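What follows is one structure encoded as structure tokens, with my remarks underneath.
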Amino acid sequence: WAGGVGGGLWKTTNFLSDQPDWLPINDFFKNIAITSIAQDPNNLKIIYFSTGEGFFNSDAIRGLGIWKTENGGLSWSQLVSTENDQFAHIQEIVVDPNSRVWAATKEGGLQYSSNGGRTWQQLGLGADGYFDKRITDIEIASDGYVYVSNGMSFPNYYFGDVYRFKINDFNSVQEITPEPKVFGRIEIAVSPSRPQRIYLLCEGENNDVEYIFSSDNHGGTWESRIVPTIIDHARYPVFTRHQAHYDLIAKVHPENPDEIYIGGIDALRSFDGGYEWTQISAWSLGSSEKQYGLTDLQYIHADHHVIEFLPGNSTQAVWGTDGGLFFSKNLDAYRPTFQSKNKGYNVTQYYSCAIHPEAGLDYYLGGTQDNRTIRIQYKNNMSGSEVSSGDGGFCFIDVDQPNIQISSAPYNVYNLSTDNWRSKGTIINDRESGSFINPSAYDSKNNILFTYRTPGSIYRFSNIGLGPIAKDSVVYNFGDKITYLGVYPTQGENTVLYVGSYLGQVFRIDRADTDNYYVVNIAIPELLAGGTISSIAFGLTDQDLLATISNYGVRSLWLSHDGGKNWRSVEGDLPDMPVYWALFNPYNYQEVIIATEVGVWYCADIDASNPSWITSNNGLANTRVEMLQMRASDGQILAATHGRGLFTNAGFKAEALPCPNISSVEATDITSFSAKIRWSASSSHTSYLFRFRETGTSSWYTFPLDTTGIDLGDLIPCQEYEYQILSKCDGSESGYSASLKFITTGCGGFRIDPQILTLSANAGFGFFNVYANVNWKVINKPSWVTLVNPSAGNDDHQITFSYQGNGSSQREGLITFMTDEGNYTLRVIQRAPAITEQEIVVMPEVFANAGMAVTYRGDWINYTIGEVFISNLIGDGIRLTEGFQQPGPNIRTSSVGSELNRIVIQVYPNPSSDFLHLTSTVEFNQITIYDMHGRSVYTKKLTTSNFDETISTTDWHPGIYLVECMLKDHLVQGIKILIF
Numbered sequence: 001w002a003g004g005v006g007g008g009l010w011k012t013t014n015f016l017s018d019q020p021d022w023l024p025i026n027d028f029f030k031n032i033a034i035t036s037i038a039q040d041p042n043n044l045k046i047i048y049f050s051t052g053e054g055f056f057n058s059d060a061i062r063g064l065g066i067w068k069t070e071n072g073g074l075s076w077s078q079l080v081s082t083e084n085d086q087f088a089h090i091q092e093i094v095v096d097p098n099s100r101v102w103a104a105t106k107e108g109g110l111q112y113s114s115n116g117g118r119t120w121q122q123l124g125l126g127a128d129g130y131f132d133k134r135i136t137d138i139e140i141a142s143d144g145y146v147y148v149s150n151g152m153s154f155p156n157y158y159f160g161d162v163y164r165f166k167i168n169d170f171n172s173v174q175e176i177t178p179e180p181k182v183f184g185r186i187e188i189a190v191s192p193s194r195p196q197r198i199y200l201l202c203e204g205e206n207n208d209v210e211y212i213f214s215s216d217n218h219g220g221t222w223e224s225r226i227v228p229t230i231i232d233h234a235r236y237p238v239f240t241r242h243q244a245h246y247d248l249i250a251k252v253h254p255e256n257p258d259e260i261y262i263g264g265i266d267a268l269r270s271f272d273g274g275y276e277w278t279q280i281s282a283w284s285l286g287s288s289e290k291q292y293g294l295t296d297l298q299y300i301h302a303d304h305h306v307i308e309f310l311p312g313n314s315t316q317a318v319w320g321t322d323g324g325l326f327f328s329k330n331l332d333a334y335r336p337t338f339q340s341k342n343k344g345y346n347v348t349q350y351y352s353c354a355i356h357p358e359a360g361l362d363y364y365l366g367g368t369q370d371n372r373t374i375r376i377q378y379k380n381n382m383s384g385s386e387v388s389s390g391d392g393g394f395c396f397i398d399v400d401q402p403n404i405q406i407s408s409a410p411y412n413v414y415n416l417s418t419d420n421w422r423s424k425g426t427i428i429n430d431r432e433s434g435s436f437i438n439p440s441a442y443d444s445k446n447n448i449l450f451t452y453r454t455p456g457s458i459y460r461f462s463n464i465g466l467g468p469i470a471k472d473s474v475v476y477n478f479g480d481k482i483t484y485l486g487v488y489p490t491q492g493e494n495t496v497l498y499v500g501s502y503l504g505q506v507f508r509i510d511r512a513d514t515d516n517y518y519v520v521n522i523a524i525p526e527l528l529a530g531g532t533i534s535s536i537a538f539g540l541t542d543q544d545l546l547a548t549i550s551n552y553g554v555r556s557l558w559l560s561h562d563g564g565k566n567w568r569s570v571e572g573d574l575p576d577m578p579v580y581w582a583l584f585n586p587y588n589y590q591e592v593i594i595a596t597e598v599g600v601w602y603c604a605d606i607d608a609s610n611p612s613w614i615t616s617n618n619g620l621a622n623t624r625v626e627m628l629q630m631r632a633s634d635g636q637i638l639a640a641t642h643g644r645g646l647f648t649n650a651g652f653k654a655e656a657l658p659c660p661n662i663s664s665v666e667a668t669d670i671t672s673f674s675a676k677i678r679w680s681a682s683s684s685h686t687s688y689l690f691r692f693r694e695t696g697t698s699s700w701y702t703f704p705l706d707t708t709g710i711d712l713g714d715l716i717p718c719q720e721y722e723y724q725i726l727s728k729c730d731g732s733e734s735g736y737s738a739s740l741k742f743i744t745t746g747c748g749g750f751r752i753d754p755q756i757l758t759l760s761a762n763a764g765f766g767f768f769n770v771y772a773n774v775n776w777k778v779i780n781k782p783s784w785v786t787l788v789n790p791s792a793g794n795d796d797h798q799i800t801f802s803y804q805g806n807g808s809s810q811r812e813g814l815i816t817f818m819t820d821e822g823n824y825t826l827r828v829i830q831r832a833p834a835i836t837e838q839e840i841v842v843m844p845e846v847f848a849n850a851g852m853a854v855t856y857r858g859d860w861i862n863y864t865i866g867e868v869f870i871s872n873l874i875g876d877g878i879r880l881t882e883g884f885q886q887p888g889p890n891i892r893t894s895s896v897g898s899e900l901n902r903i904v905i906q907v908y909p910n911p912s913s914d915f916l917h918l919t920s921t922v923e924f925n926q927i928t929i930y931d932m933h934g935r936s937v938y939t940k941k942l943t944t945s946n947f948d949e950t951i952s953t954t955d956w957h958p959g960i961y962l963v964e965c966m967l968k969d970h971l972v973q974g975i976k977i978l979i980f
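Yeah, the sequence shown ends on 980 if you go by the numbering used here, and it's all consecutive.
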């Protein structure tokens with residue numbers, strides 16, 4: 001059995017094979033920050049594991065108590081009695097020969113249970129101060145003594161003590177701390193073969209082991225031993241390398257009390273009880289280590305936490321480290337060798353991640369806790385290649401130029417590669433500024449790297465990957481340590497940088513790529529009393545911000561829709577836990593996912609008054625997720641977990657998400673015959689379907705659009721229209737919106753039909769051309785024609801004259817005339833060639849309540865507004881009666897000619913409400929009836945000259961209809977009828 005902090009519980013049944021088969025037991029325990037495992041010596045099927053890391057490392061994960069199995073691990077249950085703050089951090093759990101369970105807690109002191117974990121009691125160690133309850137280590141000797149250390153703190157507080165008592169006599173508690181009693185963490189090791197032999201490894205004031213003691217009388221008296229150094233680490237020569245509060249372990253040989261193994265950064269061994277030490281492992285094989293005789297066979301990863309001998313074996317042992325498990329089967333050798341047992345044991349702790357921008361490409365970077373910056377290039381790959389060493393911090397892949405890639409190590413150490421890490425260079429190597437995992441941000445558009453330097457400055461590195469790098473700083477008093485930097489993905493030229501601090505301050509820096517930057521404080525007022533900004537997610541615009549907070553006991557999610565002027569908590573029903581990162585769904589900005597202490601959580605409506613959150617960990621684990629990154633090209637999401645490696649998700653997909661409706665719809669510029677419809681778009685919209693109809697009708701006019709508006713023409717005056725809009729996104733549709741309505745203007749007026757006048761001409765000066773002698777006639781009739789219509793009025797309108805000659809060139813003229821009551825004279829001045837026939841079209845964009853008379857004579861057009869009367873076209877026996885019309889979007893035009901004086905059909909009653917009777921004795925080929933939109937509602941081909949038929953009109957929409965009679969494709973009569 002093995003446990004990882006954040007990596008969960010694992011099991012293998014073939015550990016001694018070269019590549020053990022590891023099985024994760026349950027990724028969905030309520031907490032998988034495993035810190036210790038213990039087995040009942042009286043019943044090996046009873047096993048306990050504890051949770052919650054309490055050694056003051058910055059990435060420590062809070063626990064939820066203790067779990068237990070009674071069937072050898074087939075099933076596990078959480079001990080309800082430990083689901084409280086006293087058991088939030090447990091350094092160690094052991095089971096004594098009486099099956100009593102002991103827990104070394106950080107908040108609840110030394111706890112024990114005599115009934116298998118149903119209830120617990122605290123065993124006082126004499127003092128009862130705050131630090132006295134911080135239990136560091138428990139060791140049970142084979143002779144019935146129990147040794148306990150407490151007082152652990154970090155940094156600069158030293159309250160460490162050691163206590164001893166008999167397993168069956170709780171009143172025998174006795175402090176046995178050696179002088180000088182100025183210790184931090186104390187690690188205890190007891191000899192199995194000589195239980196009165198005890199070793200203490202004591203952290204001193206410089207966070208290294210400063211003292212090693214040995215006792216041969218249960219701690220009654222102590223002798224000092226040598227504190228060993230390790231090879232080639234001049235700045236921190238002691239084997240714990242300035243972090244004894246975190247990595248410190250000791251184990252005595254099962255059979256030899258003088259043989260002791262210790263671990264910190266590297267492992268050492270003593271054969272004489274601690275007087276002399278030999279280094280037996282190296283995490284970094286430099287030249288000095290090789291000169292010392294260490295090789296790859298002596299590699300054990302740094303930061304040692306566990307040493308366990310195999311049961312009944314004194315030459316085989318396992319080391320548990322930040323880099324996993326390492327096994328030696330020849331500890332009795334002068335140079336023991338070690339073998340990694342980590343294939344498939346996926347417990348890597350990631351701080352950060354980066355994803356290649358190319359769609360479908362499996363290429364990722366990740367910065368890990370003490371396991372380098374890793375590159376993973378293949379799907380489902382359980383291992384990766386190192387691109388830079390040490391603890392891996394933030395990493396980046398340029399979105400526009402993905403050959404530009406950045407890794408980092410603690411503080412301000414940043415590396416750059418432009419050839420997929422075949423080579424790399426140094427951007428900066430400054431270990432005196434910044435943070436351990438240093439907040440950073442990269443602007444792909446402007447090739448600028450920003451890194452935290454001090455509470456009053458941010459490093460700015462320009463020209464990344466393009467040539468020589470320029471280094472300068474953005475200087476401002478941010479008030480405290482910076483914990484977050486983020487670049488807003490603006491389309492503008494300048495960089496907008498967001499800054500979050502340890503004490504909850506939030507800043508926006510405009511023009512951060514220039515020396516003329518401007519800082520705006522957009523802090524969240526409630527957090528100024530406490531709350532660390534871990535990230536800021538950007539929504540649809542730069543006004544939409546979601547800040548995450550990485551603390552317990554505070555509201556951890558804050559939303560602003562006005563660029564940070566006002567914030568509101570959107571934590572809703574999310575449990576009290578740190579939140580590290582957030583992403584908006586780019587296809588639906590109401591949806592959000594967040595990276596938390598317990599996996600990924602999802603909210604369907606972040607704008608709800610009390611947002612609801614659910615877990616979204618299918619295929620993931622209930623472990624801390626430090627960062628989420630999304631690839632814009634295909635939506636893939638990359639999650640960096642702190643204990644279970646990197647995970648990918650297909651991500652947000654447009655087809656899987658609802659397409660939002662349009663908003664802010666408005667009908668504007670409404671006239672008698674036209675209107676404009678406009679609306680606002682969502683960023684996820686790709687196109688639209690617009691449809692409209694006269695209110696009360698069943699047929700729609702539908703138009704596909706890729707813009708957020710449409711101009712409607714040829715409408716009916718004083719008509720109510722309804723319209724709907726359907727939004728299309730990438731793979732989904734919104735459905736048509738609810739109907740909206742508008743009414744055209746000009747209620748009570750009419751509009752005339754188009755008039756087409758075919759005229760012949762003789763050469764000469766005249767009507768349309770003052771330079772050519774042209775006389776105009778109507779069908780070779782008198783040289784002038786008067787058109788009288790009941791269609792003019794007091795509204796604005798236009799009259800269009802178009803003409804086309806049959807000569808070598810063509811001309812077209814347009815006159816637009818805005819009317820008011822009175823007499824007007826218009827003159828056409830467009831030049832035309834010599835022609836033999838000309839067609840003049842009077843296009844009736846005319847709407848009026850009064851009448852008009854238009855006279856064509858000579859080279860002038862006289863236009864007079866008059867009273868309403870029946871219109872006639874008069875010209876040498878040609879007579880046409882013209883009525884009123886309410887036209888639709890498509891207007892049919894009729895020719896005016898000599899054939900129109902024939903009466904070929906009679907239609908009655910007119911007006912009509914329910915039927916029409918049509919009769920004729922004149923030969924013609926076809927009769928067709930059109931509605932006001934030019935759509936055929938009735939048609940019939942004739943084979944005889946006699947026609948008599950009754951048509952039902954009860955299903956016809958009220959309005960004007962046109963009856964047309966055709967003879968050999970020529971119109972011989974047109975009659976308007978009114979259906980009401």
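From the three backbone atoms N, C-alpha and C, an ideal C-beta is built for every residue, glycine too.
As the structure is a computational prediction, the values presented were derived from the model and not from experiment.
Go ahead and label residue i buried or exposed: buried means 16 or more other beta carbons lie within 10 angstroms of its beta carbon, across all protein chains shown.
i      : result
Phe55  : buried
Asp400 : exposed
Tyr299 : buried
Thr982 : With the chain running from 1 to 980 in the structure shown, residue 982 is simply not present.
Asn551 : buried
Gly851 : Confidence at Gly851 is low in this model, with a pLDDT of 37, below 50, so the placement of that residue is unreliable and no value is reported for it.
Asp981 : Nothing about residue 981 can be read from this structure; the chain reaches only from 1 to 980.
Pro311 : exposed
Val5   : buried
Ser50  : buried
Distance, Cα to Cα, residue i vs residue j?
i      : j      : result
Ala632 : Asn494 : 21 Å
Ser734 : Ile437 : 44 Å
Trp102 : Asp96  : 8 Å
Ser783 : Ile725 : With a pLDDT of 33 at Ser783, under the threshold of 50, the modelled position of that residue is not reliable, and the figure given next carries that caveat. The straight-line gap from Cα to Cα measures roughly 54 Å.
Asp137 : Gly572 : 39 Å
Ala512 : Val474 : 7 Å
Asn463 : Asn447 : 6 Å
Glu386 : Ser423 : 12 Å
Gly117 : Leu285 : 45 Å
Less than 8 Å separating the beta-carbons of residue i and residue j?
i      : j      : result
Tyr275 : Ile231 : no
Asp296 : Trp283 : no
Ile404 : Gly465 : yes
Nearest to residue i by CA position, among the options, is which residue?
i      : options                        : result
Pro601 : Glu591, Ile614, Thr35, Tyr589  : It is worth fixing the name first, because residue 601 is Trp in this sequence and not Pro. With distances taken between Cα atoms, Trp601 lies closest to Ile614.
Trp700 : Ser682, Tyr736, Lys728         : Tyr736
Ile167 : Ile929, Asp143, Ile458, Val963 : Asp143
Asn206 : Lys290, Ala244, Val190         : Ala244
Would you say the stretch 364-377 touches the stretch 393-411, given that touching needs at least three Cβ pairs under 8 Å?
-> yes
Would you say the stretch 36-49 touches the stretch 336-353, given that touching needs at least three Cβ pairs under 8 Å?
-> No: fewer than three Cβ pairs fall under 8 Å.
Any contact of the stretch 57-70 with the stretch 23-35, i.e. 3+ C-beta pairs under 8 Å?
-> The answer is yes - the stretch 23-35 touches the stretch 57-70, with three or more Cβ pairs under 8 Å.
Please determine if the stretch 448-458 and the stretch 481-496 are in contact, where contact requires at least 3 C-beta pairs separated by less than 8 Å.
-> yes
Three or more C-beta pairs below 8 Å linking the stretch 713-728 and the stretch 680-700 = yes
Meets three-Cβ-pair contact criterion under 8 Å: the stretch 566-580 and the stretch 592-606 | yes
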